[in-house]
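The sequence shown begins at 22 in my numbering and counts up one residue at a time. Glycine included, C-beta positions come from ideal geometry on N, C-alpha and C.
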Amino acid sequence: TYDHKHQDLSAANDQSGLSKMSIDIAKSLFRKLATQGVTFNNENFRTLKATYFRIALDHIDAYHNDAAINKLSFDIHNEEKAVELFAENIMKAGEMFLEKPMETPFIPSWNRVQSAIPNIFDEICHAVEHDRAKYS
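What follows is the structure in structure tokens.
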């Protein structure tokens, strides 16, 4: 499951925080593209990493300029460290994908969930109504 709360970058540990999340998201994207007929190899992942890196650095430059115009602080060093980590994680995710291309997806499709729990949508609606009554 994905924890969407603010998390540490976890640069030293790719099994937690944003580092793990970036790897998981990349692997999920690669799996989805593979189901659409896209084939992958190490060169594809290197190209993707380089493209991401260049575009991300361009965005950092633009955000830095926006911050400067608005007299806001902007930590270029930490932003670039994050971009470097995410670029490396594209490669890690690619290697993991190539090692296990048929790995089970992180989240099953809704069709599979409904097949296992036929009344899941009613249960979700009931839970939402319960929370709305309790917290509204």
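_So G38 and L50 are supposed to be a Cβ contact under 8 Å. How far apart are they, rounded?_
19 Å between Cβ atoms; not a contact.
*Please determine, among P122, R153, H151, D152, the residue with the shortest C-alpha to C-alpha distance to G58.*
P122
_In whole angstroms, give me the CA-to-CA distance for D87 and E105._
22 Å
_Considering just the uninterrupted stretch of the alpha helix (DSSP H) at N65, what are its terminal residues?_
63–90
*Would you mind working out which of E64, D152, N99, K92 sits nearest I81, comparing C-alpha positions?*
N99
*Run through DSSP, which three-state label would E100 get?*
helix
_Short Cβ contact (8 Å threshold) for K48 with A108_ = no
*Which of helix, strand or coil does DSSP assign to T56?*
helix
*Considering only the beta carbon of each residue, do D35 and I46 sit closer than 8 Å?*
no
*From which residue to which residue does the alpha helix (DSSP H) around D143 run?*
141–156
*As assigned by DSSP and simplified to three states, the class of A32*: coil
*Classify F66 as buried or exposed, calling it buried when 16 or more other Cβ atoms lie within 10 Å of its own Cβ.*
buried
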